[in-house]
Amino acid sequence: MRSMRLGLALAVMSAVLLAACGGSSTSSGGAASGTIRFSGWTSTPAEDQLLKDELAAFKVKFPNINVTYEPVPQDFRTKLKAQLASGTEPDAFYVELGDAAGFMQKHVLLDLRSEMAKTGTNASDFSGQVLGAFKQGDAIYGVPKDSNTLALFYNKDMFTAAGVATPTKDWTWQDLTDAAKKLTKPGQWGLITNADSARWAPFVYQNGGQVLNSGNTKSMLLDPATVEATKYYLSFKQNGSGTYSGALGAGIGWPGDAFAKGKAAMVMEGGWLIPFMKDYPNIHWSATELPKGKQRGNLVFTVGYSISAKSKNPDAAWVLLNYLTSPDNQKTVLHSGFALPTRTALASDPYFADHPAESAIFAANAYAKPFSWGINSGKVADAISAALERVLLGKQSVDDSLKQADKEVTDALAS
Amino acid sequence: MAVGTSPVVETNTGLPTPVQAEAHRRRRPYREWLASYAFLIPAFIVIGGFTFVAMVAAVFISLFKYDGFTLEWAGLNNYAKALVNADFHKALLNVVYYMVVVVTCQTILALSMALVLDRIMVGRGVFRTIYYLPAITSSVVMGLIFSWLFSPGGWVGGLLGIVIPGAREFGFLLHPETALPAIMTTTIWSTAASFMIVFVAGLQDIPAHIYEAAKIDGAVGWRSLWNITIPLLRPTIFLVVVLGTIGTLQVFDQVYVMTNGGPLKSTLTPVFLIYTSGFRDFSFGLGSAEAFILFAIIFTFTLIQRRFIDTTVEY
Numbered sequence: 040m041r042s043m044r045l046g047l048a049l050a051v052m053s054a055v056l057l058a059a060c061g062g063s064s065t066s067s068g069g070a071a072s073g074t075i076r077f078s079g080w081t082s083t084p085a086e087d088q089l090l091k092d093e094l095a096a097f098k099v100k101f102p103n104i105n106v107t108y109e110p111v112p113q114d115f116r117t118k119l120k121a122q123l124a125s126g127t128e129p130d131a132f133y134v135e136l137g138d139a140a141g142f143m144q145k146h147v148l149l150d151l152r153s154e155m156a157k158t159g160t161n162a163s164d165f166s167g168q169v170l171g172a173f174k175q176g177d178a179i180y181g182v183p184k185d186s187n188t189l190a191l192f193y194n195k196d197m198f199t200a201a202g203v204a205t206p207t208k209d210w211t212w213q214d215l216t217d218a219a220k221k222l223t224k225p226g227q228w229g230l231i232t233n234a235d236s237a238r239w240a241p242f243v244y245q246n247g248g249q250v251l252n253s254g255n256t257k258s259m260l261l262d263p264a265t266v267e268a269t270k271y272y273l274s275f276k277q278n279g280s281g282t283y284s285g286a287l288g289a290g291i292g293w294p295g296d297a298f299a300k301g302k303a304a305m306v307m308e309g310g311w312l313i314p315f316m317k318d319y320p321n322i323h324w325s326a327t328e329l330p331k332g333k334q335r336g337n338l339v340f341t342v343g344y345s346i347s348a349k350s351k352n353p354d355a356a357w358v359l360l361n362y363l364t365s366p367d368n369q370k371t372v373l374h375s376g377f378a379l380p381t382r383t384a385l386a387s388d389p390y391f392a393d394h395p396a397e398s399a400i401f402a403a404n405a406y407a408k409p410f411s412w413g414i415n416s417g418k419v420a421d422a423i424s425a426a427l428e429r430v431l432l433g434k435q436s437v438d439d440s441l442k443q444a445d446k447e448v449t450d451a452l453a454s
Numbered sequence: 512m513a514v515g516t517s518p519v520v521e522t523n524t525g526l527p528t529p530v531q532a533e534a535h536r537r538r539r540p541y542r543e544w545l546a547s548y549a550f551l552i553p554a555f556i557v558i559g560g561f562t563f564v565a566m567v568a569a570v571f572i573s574l575f576k577y578d579g580f581t582l583e584w585a586g587l588n589n590y591a592k593a594l595v596n597a598d599f600h601k602a603l604l605n606v607v608y609y610m611v612v613v614v615t616c617q618t619i620l621a622l623s624m625a626l627v628l629d630r631i632m633v634g635r636g637v638f639r640t641i642y643y644l645p646a647i648t649s650s651v652v653m654g655l656i657f658s659w660l661f662s663p664g665g666w667v668g669g670l671l672g673i674v675i676p677g678a679r680e681f682g683f684l685l686h687p688e689t690a691l692p693a694i695m696t697t698t699i700w701s702t703a704a705s706f707m708i709v710f711v712a713g714l715q716d717i718p719a720h721i722y723e724a725a726k727i728d729g730a731v732g733w734r735s736l737w738n739i740t741i742p743l744l745r746p747t748i749f750l751v752v753v754l755g756t757i758g759t760l761q762v763f764d765q766v767y768v769m770t771n772g773g774p775l776k777s778t779l780t781p782v783f784l785i786y787t788s789g790f791r792d793f794s795f796g797l798g799s800a801e802a803f804i805l806f807a808i809i810f811t812f813t814l815i816q817r818r819f820i821d822t823t824v825e826y
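For the record, the sequence lines run as chains A and B.
Note that the first sequence covers residues 40 to 454 in our numbering.
Note that the second sequence covers residues 512 to 826 in our numbering.
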């Protein structure tokens, strides 16, 4: 606990210092001034404090812009939708990836291109696919706050004990299968494979398969490549070298718990696992990119900052968002260990050299696809997760289960 | 207004005329009437605003396709969609199963606890408090505690593991066959306590002289229970069964906390489905339609129960 507080204090100090001395490369706010409202959900106390420090630093740099920060502790999405419907939304706010498609369809977000031009910010400044889910044609409706992909986290001691070479980014599916088998013994599993569309999809993409067609109008779940990837994903549970986190007992709520409590040798998770593992100093771990199938495949998880289409002061709102997503600010966030950057400018940051997990997660931005399947994302993800669950519980074969999911997804897309 | 001025009032004799006396008598109730309305206003605003207006709005919304942004006339389409939805059927089946088991068990358990309490002479208050504790515990807290008890390696599996090998690692909430019964147990545990208090009050209403008369006639123990206590408790039993039915048909919090409707929709209930339609899928029209169908079902159940349980009692 004490070390966490110390770390927090250091993070706060470095945030303030970096913000104070590193201002030179950020574009100036020009004539923008006035008061704007900014809203997002709250996270851990430490992360909330980081944002408050960022806003304080912004105030010093742009004294003409007044930011009213409106944090929402719970049900942010519901509140934002109600605000958008009644026309009382803040000027700038977080948009979750799954909501982006629906909001763009309703034209409630501002196309940021003209604002971006004013500060000389380009779409190409953002790495890989992180902008993808916030784009419609060439129009850009949000800038990613931070981003995550999945990495293969592994327990070094378990690999040593089993005499298996630690994973590299060049591992194939066969390597993963073999290692998982060798790392399994009573009370310990090789790999955690939950009934979660967000862990399954990377394998589909690695196998050259699709979840929906490119226009998000048709289910591709019965595509042979998708079926094959599903069989592979579920093979770990079926051959006993993997399991799902719920089966592991009290206190194992998600794969990260299984990993942190020494029940699993490998898990596929994002950057959120890194601060979590600080509470488990006895687990010696590292991480690398997900294995390759026929090609590389991964998912991008990101949250965007958007501006309301009705905002009276879009210039000031953009100055704030541009500041928060600026390379300087993202560098502060990266070094504090809370989130990974979205700017290509930080690709060669020295921080990555001695942080393999962060480095693997950032590298996958280049080829990962956004975790979004259009306006019906929620229903599609549900149908897939339920299909995986049916197989994990031994209720249905992979083929039958995917057929049912295909029908459910087709119905959802038609409604 | 000329019509209202009566000539009788103008003849002043010093004593109140019958008309004045009548007016005086009326004025006071009128003032009390005002005062009682003043006291009612806060509750009226809260209930009116958050229940009545919301209900009327829901009727309206259920006839539209509404995602929070655009209203699109849908007629009875939402109702038609809800009625053919396989998930809604599954949710109804689940909740009826849940209702039958929970209402039966909680009524019997509550009545048994009340009867025991009624007979205890020493420390009745202490036992009553202990029995009542689950009723004042938040359902979310109860849900969390019971999820731990039912999880693999939890206490329930641990206890069963003494007799059934392998039960220790069994996750009750992870299997479609056992998840709903696990939630039922949680609910019975907490609601039996609150209904126990209702039964305790009901038992105190039964006049002692009836028991005394029965005793003289030789009816004691089980006979007195079957022939006097239970028949005379009929109104209380009706109340408990009806409240139990309404409550179980609307179950939401335990499902939300313990299973989220899973595994494989085995714990999906209508209110949970209404919540997902409205606040996850943002199909407020469909959610409202589902809510009204559920209302119709609860209404029907209550009517049927009224018909079958005779609540008239004469002491």
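Every residue gets a Cβ at the ideal spot worked out from N, C-alpha and C, and that includes glycine.
Remember, predicted model here, so these are calculated numbers, not experimental data.
So what's residue i in DSSP terms, helix, strand or just coil?
i: Lys224(A); result: strand
i: Gln816(B); result: helix
i: Lys442(A); result: helix
i: Trp584(B); result: strand
i: Val250(A); result: coil
i: Thr65(A); result: With a pLDDT of only 41 at Thr65(A), under 50, the local geometry of the prediction cannot be trusted, and the value read off the model is given with reservation. Correct three-state label for Thr65(A): coil.
i: Asp261(A); result: According to the sequence shown, residue 261(A) is Leu rather than Asp. Note: Leu261(A) maps to coil in three-state DSSP.
i: Cys60(A); result: Note on Cys60(A): pLDDT 41, under 50, position unreliable in the model; the coordinate value appears next. Looking at Cys60(A) - three-state DSSP - the assignment turns out to be helix.
i: Ser365(A); result: coil
i: Ile291(A); result: coil
i: Ile631(B); result: coil
i: Lys300(A); result: coil
i: Val134(A); result: strand
i: Ala240(A); result: helix
i: Glu128(A); result: coil
i: Trp210(A); result: coil
i: Gly202(A); result: coil
With DSSP as the reference, please indicate the residues paired to residue i in a beta bridge.
i: Gln175(A); result: Ala178(A)
i: Met307(A); result: Leu191(A)
i: Gly79(A); result: Pro110(A)
i: Arg639(B); result: Answer is none; Arg639(B) lacks a bridge partner.
i: Pro409(A); result: Val339(A)
i: Gly73(A); result: Ile104(A)
Indicate whether residue i and residue j have their beta-carbon atoms separated by less than 8 Å.
i: Ser424(A); j: Ser236(A); result: yes
i: Met707(B); j: Tyr642(B); result: yes
i: Gln765(B); j: Ser649(B); result: no
i: Leu119(A); j: Glu109(A); result: no
i: Leu628(B); j: Phe638(B); result: yes
i: Phe242(A); j: Val339(A); result: no
i: Val99(A); j: Ser258(A); result: no
i: Leu797(B); j: Ala625(B); result: no
i: Gly310(A); j: Arg791(B); result: no
i: Thr756(B); j: Gly713(B); result: no
i: Val762(B); j: Gln816(B); result: no
i: Leu427(A); j: Trp239(A); result: yes
i: Ala407(A); j: Leu191(A); result: no
i: Val613(B); j: Ile699(B); result: yes
i: Leu685(B); j: Pro774(B); result: yes
i: Val266(A); j: Val419(A); result: no
Under 8 Å, Cβ to Cβ, is there at least one residue of chain D near residue i?
i: Gly669(B); result: In the structure shown, chain D does not exist; the protein chains are A and B.
Could you check how far apart the C-beta atoms of residue i and residue j are, in whole angstroms? I think they sit under 8 Å.
i: Leu222(A); j: Ala304(A); result: 4 Å
i: Ala297(A); j: Leu312(A); result: About 11 Å; that fails the 8 Å criterion.
i: Ser799(B); j: Ala569(B); result: 4 Å
Should the segment 335-344 of chain A be called in touch with the segment 123-142 of chain A, which here means at least 3 C-beta pairs below 8 Å?
-> Contact between the segment 335-344 of chain A and the segment 123-142 of chain A is present, because at least three Cβ pairs lie under 8 Å.
Does the segment 658-678 of chain B come close enough to the segment 582-602 of chain B to have 3 or more Cβ pairs within less than 8 Å?
-> With the cut-off at 8 Å, the segment 658-678 of chain B and the segment 582-602 of chain B do not touch.
Should the segment 163-180 of chain A be regarded as contacting the segment 287-296 of chain A, the criterion being three or more beta carbon pairs within less than 8 Å?
-> When C-beta atoms of the segment 163-180 of chain A are compared with those of the segment 287-296 of chain A, fewer than three pairs fall below 8 Å, so the two segments do not count as touching.
Hey, is the segment 722-736 of chain B in contact with the segment 578-590 of chain B, meaning 3+ C-beta pairs nearer than 8 Å?
-> Taking a cut-off of 8 Å on C-beta distances, the segment 722-736 of chain B does not touch the segment 578-590 of chain B, as fewer than three cross pairs fall below it.
If we count Cβ pairs, one from each stretch, closer than 8 Å, do we get three or more for the segment 352-363 of chain A versus the segment 70-78 of chain A?
-> Yes, since at least three Cβ pairs between the segment 352-363 of chain A and the segment 70-78 of chain A fall closer than 8 Å, the two stretches touch.
Inter-stretch contact (C-beta, 8 Å, three-pair minimum) for the segment 719-726 of chain B and the segment 656-669 of chain B = The segment 719-726 of chain B, when compared against the segment 656-669 of chain B, does not touch it at the 8 Å Cβ threshold.
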